[in-house]
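Numbers in the numbering used here are just positions in the sequence shown, counted from 1, shifted up by 470. Just so you know, even glycine gets a beta-carbon here, dropped at the ideal spot from N, CA and C.
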Amino acid sequence: MLLLINKYLSRSKNPAAGDDKEMPPPPPPPPANGAEREFMCIPGCVPVRVKRGTTTTTTTTTTARTSRHNFVKSAASGLFPGAQFTNHESLPAMEEAYAEFVAAFPQYAGLAQADAIRDGEYQHLDRHVCLDYTGINLFSHAQMNSSVPSTSATPPASSSGTAWQPPFFDIAYKSTSLRSQVQCGDDVAAASAAGGIGGAVTRRVMASLNIPDDEYAMVCTANRTTAFRLLAESYSFQQHGKRLLTVYDYESEAAGAMAESARRRGAEVMSATFAWPGMRVHAADLRKKLLRGRRRGGGGGHRRGLFVFPLVSRMTGARYPYLWMSAAHEQGWHVALDACALGTKDLDTLGLSLLRPDFIVCNFFKVFGENPSGFAGLFVKKSSLAALERSVIARSIGIVSIVPARRWSLHDGYSTELDPAAAAADDLDTTSSFSGPLSGTLIALTLKNVPEMDAAGEENGHSPEIREADPPPPPPPIMEVECRGLDHADALGLIAIGNRLRCISNWLVVAMQKLRHPQSEQGKALVRVYGPRVKFERGPSLAFNVFDWKGEKVAPPLVQKLADRHNISLTCGFLRHICFSDKYDADRAAVLEHIDGGGKRKDAAGEMGIYVVNASLGFLTNFDDAYRLWAFVAKFLDADFVEKERWRYTALNQKTVEV
């Protein structure tokens, strides 16, 4: 394997960062039986062995390549051909732009089911464009604002008292280590199966993500950062000098927390680098770090450390091949997949069904565009449990249980008194378990089974007679939860969601590049997009900056705040770990910056990067959302737009936000 890697690198042209061509790990050697075989790999997929000369395979591969080529060609030449927009008033109307969009991407017209779901269940998204959500949506807006019970159990009459009402669940912190929680996971799952909300949510989530419960245990944490810290505090970094290797092209709070914990526990922390301007993984550098510290002779099965890998950048939308996980496993690393930036159904892909990572982290929120509260899921492969240690610090980090939500009565307007029915239920919480509070009926049945005394026998002076207890009641019905957000994603499926986001994100890239300043002689671009441009495999995220007619960057926080005033939610981020080849060395000084308190910030290590605006698309994002973002950004073509906004909001008695 290592020999093939070296040969592959020696054949590559300038494997440093500049060529912007990502080099995934080479395929393993052919089988020993001497049969001629060939490996074919679509970026982001697992290679499949196919015999040479198979007509069907050749046709399929050619069709896939042609399809990708046609897609890029349609996006690059079929959208606004030859047009440049120098005034926001010159933009085509939304209806006209949509007609051109559908003509360039005819496959989008067949995805009307997603728009129907949005119109029926997420009507609040028409009022505000939400491009700042990353994670998996559990419930729909209509479901959260409905009084219709959202759970079902059999028989219905016995379960009506425990049916969920908005906000459906709360989280309760637990004091336990990650290893202990995984070890007792089977017992917890069995207890939760007896009607508990926690078990019901866990089963529904794992079924939607296609994660087998016989292979993985799901541990709930307060949020994504907590999940990363918990894993770092529990992983056996202190044994055999293990390392932490992360693959993030931006400053991630969660990855930073993990690196801090790992460094404190004696681990060497490394990061992949990314090639300018496409922000692809610097393949030669990452391969070198994967091989770092290799022990001759095998080392008794000891692992090198923890390799933390996202399949797509949450900031730039750059995608990374699955084969990096395979290469890391082969070189003796435990692999943690950060799936928080993946689409709702991306875990259904063939690659993950074959390459099972040791750990998976996912982020769940209640309602897209309305309620970002929720929890994170840390999935631990049961066969990798030996890599975890019992940690005193980890016991207090943030493992949580999903518990029934406490309901408040609003009958008296602003009353905060508990609803009498809920208060009566709360009186029973002393008998609660991980499965949730026992119902009053169940408690009555339990008390009924206590052996009864014969009162008449006592009065006659005889010894009390112990009667036979009634037969134990049947187990309570297994609770089933209705998570319409997951249901909607399941109904659409991986292919439909992928095609939808691919069309919208690439259209947005092309549209942004068509905006040019009228004052400049050569038509300076208003927007600079970082990461992949028009590309079939690009992810549903966009990192960009806005520049004025002088070429000076508009501060990302200002863009974000002005967007919010136009009912568009964006985020900001800091691109880092960027490497420049000799070809792009002139760009280094022009684009890199430190960050300080005035909109620029310098991190602890003094590393330089790029402060950017980010837009993240979800499966509920539609063309109207992308158009509204484009129309807002086009307003910066007016040199006085920012100043006009300051005066307008001052006149409306709003505070002027200083950036």
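Local conformation of residue i per DSSP, three classes
i            : result
residue 1039 : strand
residue 973  : helix
residue 1019 : coil
residue 1114 : helix
residue 1011 : strand
residue 543  : helix
residue 994  : coil
residue 851  : strand
residue 1061 : helix
residue 1120 : helix
residue 1024 : coil
residue 491  : Low local confidence applies: a pLDDT of 42 at residue 491 is under 50, so the model's placement there is unreliable, with the coordinate-based value given in what follows. Reduced to three states, the DSSP call for residue 491 is coil.
residue 590  : helix
residue 858  : strand
residue 1029 : helix
residue 529  : Caution applies to residue 529, whose pLDDT of 48 falls short of 50 and renders its modelled position unreliable; the model cannot decide the point.
residue 1155 : In this structure the chain extends from 471 to 1129, so residue 1155 is not present and cannot be described.
residue 1109 : coil
residue 603  : coil
residue 903  : Reliability of the predicted coordinates at residue 903 is poor, the pLDDT of 27 falling under 50, and no value is obtained from them.
residue 1046 : coil
residue 843  : strand
residue 962  : helix
Residue span of the alpha helix (DSSP H) that contains residue i, given as start and end
i            : result
residue 1093 : 1093-1104
residue 867  : Neither: residue 867 is in no alpha helix (DSSP H) and is coded neither H nor E.
residue 595  : Unbroken run through residue 595: none, as it is neither H nor E.
residue 653  : 648-653
residue 727  : 723-734
residue 1006 : First-last for residue 1006: undefined, no H or E at that position.
residue 572  : 564-574
Beta strand (DSSP E) segment containing residue i, residue limits
i            : result
residue 998  : 997-1000
residue 740  : 738-741
residue 641  : 639-644
residue 1086 : 1080-1086
residue 609  : 606-609
Whole-number beta carbon distance between residue j and residue i, since they are thought to touch under 8 Å
i            : j            : result
residue 699  : residue 867  : 6 Å
residue 715  : residue 729  : Between residue 729 and residue 715 the Cβ distance is about 10 Å, and since that is not below 8 Å, they are no contact.
residue 703  : residue 861  : 5 Å
residue 601  : residue 1051 : Incorrect: roughly 32 Å between the Cβ atoms, too far for contact.
residue 1082 : residue 1014 : 7 Å
residue 756  : residue 801  : About 11 Å; that fails the 8 Å criterion.
residue 1079 : residue 1048 : 7 Å
residue 574  : residue 544  : 5 Å
residue 1029 : residue 1012 : Actually they are not in contact, since the Cβ atoms of residue 1029 and residue 1012 sit about 13 Å apart, beyond 8 Å.
residue 588  : residue 1090 : 5 Å
residue 579  : residue 572  : 5 Å
residue 639  : residue 671  : 7 Å
residue 646  : residue 869  : 6 Å
residue 1041 : residue 833  : With 8 Å as the limit, residue 1041 and residue 833 do not qualify as a contact, their Cβ atoms being about 14 Å apart.
residue 782  : residue 773  : Actually they do not touch by this definition, with Cβ atoms about 25 Å apart.
Residue i: CB within 8 Å of a non-hydrogen atom of the ligand ATP
i           : result
residue 603 : This structure lacks the ligand ATP, and indeed carries no ligand of any kind.
Discussion item. Whether or not the segment 1095-1112 and the segment 1032-1047 are in contact is what I'm after, with contact meaning three or more pairs of Cβ atoms, one per stretch, closer than 8 Å; do they touch?
Written reply: yes
Discussion item. Quick check for students: name the residue ranges of the beta strand (DSSP E) that lie wholly in the segment 670-715, counting only runs of 3 or more.
Written reply: 686-691
Worksheet entry | Whole runs of the alpha helix (DSSP H) within the segment 757-838, excluding any shorter than 4 residues | 793-800, 820-824
Item to complete: Count the CB pairs spanning the segment 837-852 and the segment 811-819 that are closer than 8 Å, and state whether there are at least three.
Response: no
Fill in: Meets three-Cβ-pair contact criterion under 8 Å: the segment 686-698 and the segment 958-977
no
Discussion item. With three or more C-beta pairs closer than 8 Å as the rule, is the segment 979-999 touching the segment 830-837?
Written reply: no
Worksheet entry | Three or more C-beta pairs below 8 Å linking the segment 992-1009 and the segment 563-570 | no
Worksheet item: Are the segment 822-830 and the segment 1053-1067 touching by the rule of at least three beta carbon pairs closer than 8 Å?
Response: no
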